[in-house]
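What follows is one structure encoded as structure tokens, with my remarks underneath.
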Amino acid sequence: MGGPSLVELIAGADERGLAASGLACLDRCVPLLGGGDEVLRPLWGSLAEGRAWDAALAEVRVKLGGADILEDSSADEALTLAYRMLGAAPSTRSATELREWADACSVAALQIHRLLDTAPDGPTRGSPLGARRQGRTEGMSPLVAAELRRQTRILELLANQGAGAGALRQALEVSIEGRRVLRAVVSRRERGSRV
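Sequential numbering from 143 applies to the sequence shown in this note's numbering.
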């Protein structure tokens with residue numbers, strides 16, 4: 143992969159870009175949370191229109207719930223990771239907290255895609271997900287590779303165009319595509335578990 147790695151893009155992103163990056167990771171994982179396609183709209187609206195992030199976050203948390211899942215040690219790992227992303231979202235939009243959240247969301251989203259991918263994720267030296275995010279992508283499974291590309295694309299869009307409404311709209315479009323893919327994967331997995 144040419145250009146900056148995912149880790150470098152997160153390190154260089156501004157506050158709004160970090161919020162959008164973390165939110166996009168969460169958005170793609172909404173199918174696991176049982177939420178509809180519009181459930182995160184208040185948070186996207188908060189970024190696009192400068193409305194209160196904390197109020198939007200509280201509204202989304204009420205809609206999606208999840209406290210019981212986080213307390214259940216036997217809960218599905220992918221589902222737990224998705225709820226942790228939501229639970230860890232900072233209520234104030236400070237660059238320091240958002241960078242930590244965006245970084246954690248990046249790792250969690252990649253891990254969720256790895257858990258749900260039926261193709262194996264090839265070995266790499268060191269921490270597999272850490273290596274992926276640093277740009278070592280050989281032998282990567284298709285679902286994980288696509289998620290890595292989406293995360294990188296969103297951060298590049300926001301870095302090149304700023305975090306104005308146009309860039310945010312494009313970031314959301316990239317995320318919607320990923321959400322559709324994950325929804326199909328989750329649906330197949332549920333059908334398989336019923337057989």
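Note that beta-carbon positions come from the ideal geometry of N, C-alpha and C, so glycine has one too. Quick caveat, the model's predicted, so the values are computed rather than measured.
Asked	Found
How far does the alpha helix (DSSP H) with M227 in it extend, from its first residue to its last?	E219 to A230
Beta-carbon within less than 8 Å of A155's beta-carbon, same chain only, minus the 5 sequence neighbours each way: which residues are those?	S163, R241, A244, L297, L300 and A301
What whole-angstrom Cβ distance do D259 and L285 have, given they're in contact under 8 Å?	4 Å
What did DSSP end up calling V181 once you bin it into helix, strand or coil?	coil
Under 8 Å: does the beta carbon of T294 sit that close to some heavy atom of the ligand PLP?	As far as ligands go, the structure on display features none, and thus does not contain the ligand PLP.
From this set, G187, G207 and R256, which residue's C-alpha is nearest A198's C-alpha?	G187
Would you say A200 reaches chain D, if we count a Cβ-Cβ gap shorter than 9 Å as a contact?	The chain inventory of the structure shown lacks chain D, comprising one protein chain alone.
Please classify P284: does DSSP put it in a helix, a strand, or coil?	helix
Indicate whether E157 and S236 have their beta-carbon atoms separated by less than 9 Å.	yes
Spatial neighbours of I211 within its chain, please: CB distance less than 8 Å, with the 5 preceding and 5 following residues excluded, ordered by chain position.	A217, L221, T222 and Y225
Going by CA-CA distance only, name the one from G281, M282 and R295 that's closest to G145.	R295
Let me know the beta strand (DSSP E) ranges lying completely inside the stretch 298 to 330, each 3 residues or longer, listed in chain order.	none
Helix or strand or just coil, what does DSSP make of D156?	coil
Going by alpha carbons, who is nearest to P184 out of Q303, L324, E213 and R203?	R203
Would you mind sorting R311 into buried or exposed? The rule is 16 or more other CB atoms within 10 Å of its CB.	exposed
Find out if the Cβ-Cβ distance for the pair T179, R321 is shorter than 9 Å.	A small correction: the amino acid at residue 179 is Asp; Thr does not occupy that position in the sequence shown. It is a contact, given that the beta carbons lie within the stated cut-off.
Rank V327, I152, V172 and G308 by C-alpha distance to the C-alpha of E239 and give the top, closest one.	I152
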